[in-house]
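So the number in our numbering is just where the residue sits in the sequence shown, counting from 1, plus 35. The C-beta atom is built at its ideal place from N, Cα and C for all residues, glycine as well. Given the structure is predicted, the values throughout are model-derived calculations rather than measurements.
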Amino acid sequence: MPTILPALSPSEAPSGLSVEGLRSAPLPAPPSALTETDTQALRAQLAETTVMRLREPLARRTTLRVGGAAEVYLEPSSEAELGAILSFCQARSLPWMVLGRGSNLLIRESGVRGVVLCLAHPSFSQVEAVEGSLVCGAGAKLKTVAIEARRHGFSGMEFLEGIPGSLGGALRMNAGAMGSWLFEVLVKVRFMDGTGQVFQKPATEVPVEYRRCPLFRDHIALAAVLRGPPAASEAIRERMDRFRRRRWKTQPHQPSAGCIFKNPAGIAAGRLIDELGLKGCRVGGAVVSNVHANFIINDGNARAGDVLQLIEVIRAKARADRGIELETEVEIIGEP
Ligand code: EPU
Numbered sequence: 036m037p038t039i040l041p042a043l044s045p046s047e048a049p050s051g052l053s054v055e056g057l058r059s060a061p062l063p064a065p066p067s068a069l070t071e072t073d074t075q076a077l078r079a080q081l082a083e084t085t086v087m088r089l090r091e092p093l094a095r096r097t098t099l100r101v102g103g104a105a106e107v108y109l110e111p112s113s114e115a116e117l118g119a120i121l122s123f124c125q126a127r128s129l130p131w132m133v134l135g136r137g138s139n140l141l142i143r144e145s146g147v148r149g150v151v152l153c154l155a156h157p158s159f160s161q162v163e164a165v166e167g168s169l170v171c172g173a174g175a176k177l178k179t180v181a182i183e184a185r186r187h188g189f190s191g192m193e194f195l196e197g198i199p200g201s202l203g204g205a206l207r208m209n210a211g212a213m214g215s216w217l218f219e220v221l222v223k224v225r226f227m228d229g230t231g232q233v234f235q236k237p238a239t240e241v242p243v244e245y246r247r248c249p250l251f252r253d254h255i256a257l258a259a260v261l262r263g264p265p266a267a268s269e270a271i272r273e274r275m276d277r278f279r280r281r282r283w284k285t286q287p288h289q290p291s292a293g294c295i296f297k298n299p300a301g302i303a304a305g306r307l308i309d310e311l312g313l314k315g316c317r318v319g320g321a322v323v324s325n326v327h328a329n330f331i332i333n334d335g336n337a338r339a340g341d342v343l344q345l346i347e348v349i350r351a352k353a354r355a356d357r358g359i360e361l362e363t364e365v366e367i368i369g370e371p
C-alpha cells in the first residue's frame, strides 16, 4: 500500500516563491472520473513508497499559484510503476496528465478530473555526465541540468538555469530563453506511450515547432541525453550570471506563469500588449505586469477565473485595435 500523505503546507511548497496572502478558502472537489473501487484498485497496485493523494490542491504546485485540486495525485516510484498506472488508466478509460514543476500552467478553479502524475521521485530526476553528454531524468529541474552542465564543462545550456521548470515540461514546450531552445542541445529522448511501452528516438526524428513538441502531447518524456560544445566552467558561469541579471531586470519577480502568449508574427507579444496600454490592467488579483507586459502576475489574491478573464481582455483589445489574434503559450487545464 502506498503512503497517503497530508496536503503540503505553504512552507513546503515547491519552487521557493512566496505564498503569503494566498487564499485558504476550501477548494471545490474536482468532478470525479474514478469510482471508489477504481481508487482502491489503483492504491492496491502501488509500491509502499509511492505518493498518492486524493483531492490534492494544485495551486501551490504551480508558479502562478491559482487553480483547483487534482482528483488523484500520484508520484510513481519507477518507470515500471508509471507504465502500470497508464495501463490501469487505459483499461478503465480514465484521463491522466503529467504535471511538471507547474511553471507554464494555468489550472482552472474546478480542478483536474482523473489522475495527475508527477515525476518528482528521485528515480526520474537524476542528472549524470556520461561520455561527453548529460543523461537527465525528465523530472530533473532545469536549474540542476544547467548547474551540472557547467560543472562538466558543457556550454549551450546556460539559458535553462532561469526557467523554473522540469526537463519533461521543457521538452513538451521546446522551452527557450535568451535566444536558445532546448532542442538545440537535445541528442536523444526516451519516452512512454499511453499503454506503458517505452521508446527511444534521436532528436533529429522528433518534429518540433516554436514552443511545441507534438510528440509529448500524448507521450510522456522519461529521460533525455543533452550535449553542448565543451567550454571552460568560468566562461559558462559568466554567461549564466549575465542571463540572470538580464532576467532579473526585464521580468517580474511576483508569481506568474512566465509568458502568457506566444509571440505572433511580426511583433513580440510583450511589446504589443505594452503598446496597447495594458500594463497594470487588472481583473481581481490578476495584473498585467508593469515590468514585462507578456506576464500576468498574481498579486496574492488571484483566482484562476481572474487570470482567464484578463487573458480575454488582452486578446479582445489586440484583435480590435491591431487585428492580431493572440494565442496562449501557457497551458490552460482543468474542468471548464
Ligand atoms: N517589450 C516591450 N514591453 C514589454 C515587454 C517587452 O516593449 O513590456 C519589448 C522588448 O523591449 C523587446 C521585445 O518586446 O524589444 C521582446 O521582449 P523580450 O526580449 O523580453 O522577449 P520576449 O519575446 O517577450 C521571449 C520568450 C521568453 C524568454 C525571453 C528572453 C516567448 C513568448 N517569450 O520573450 O520566454 O524568457 O524571450 O529570452 O517566446 C516563456 O516562455 O514563458 C518566456 C518568458
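Here C124 carries a helix assignment [DSSP, helix/strand/coil]. Under the rule that a run must span 4 or more residues, the alpha helix (DSSP H) segments found entirely inside the region 61 to 144 read 71 to 79, 114 to 126.
In the displayed model, L206 falls within a helix according to three-state DSSP. In this structure, C294 has its CB closer than 7 Å to one or more heavy atoms of the ligand EPU. Relative to the ligand EPU, the nearest heavy atom lies less than 7 Å away from the CB of N329. Contact annotation, G203 with G231: C-beta distance approximately 16 Å; criterion of less than 8 Å not satisfied. Contact annotation: the region 262 to 276 does not touch the region 324 to 333, with fewer than three C-beta pairs closer than 8 Å. Here DSSP, grouped into helix, strand and coil, assigns L177 to helix.
In this structure, the beta-carbon distance from P92 to E370 does not fall below 8 Å.
With contacts defined by Cβ atoms closer than 8 Å, V150 and L129 form a contacting pair. For R357, the enclosing alpha helix (DSSP H) has its first and last residue at 339 to 357.
Assigned with DSSP and collapsed to three states, I182 falls in helix. T285 and F278 have their alpha carbons spaced roughly 10 Å apart. Annotation for R225: the continuous beta strand (DSSP E) segment containing it runs 221 to 227. With fewer than 16 other beta carbons inside 10 angstroms of its own, W283 counts as exposed. Distance from the CA atom of R357 to the CA atom of R317, rounded to whole angstroms, is 21 Å.
Beta-bridge partners assigned by DSSP to E163: V170. R306 has its Cβ nearer than 7 Å to a heavy atom of the ligand EPU. Taken from the Cβ of E244, every heavy atom of the ligand EPU lies 7 Å or farther away. With a cutoff of 7 Å, G319 does not count as near the ligand EPU, since its C-beta is closer than that to no heavy atom of the ligand. Within 7 Å of the C-beta of E364 there is at least one heavy atom belonging to the ligand EPU. DSSP places R274 inside the alpha helix (DSSP H), whose first and last residues are 268 to 285.
Taking the C-beta atoms as reference points, E196 is found nearer than 8 Å to A181. Secondary structure of A238 (DSSP, three-state): helix. When distances are taken from the beta-carbon of G211 to the heavy atoms of the ligand EPU, the shortest one is below 7 Å. Using a Cβ distance threshold of 8 Å, V222 and V165 do not count as a contacting pair.
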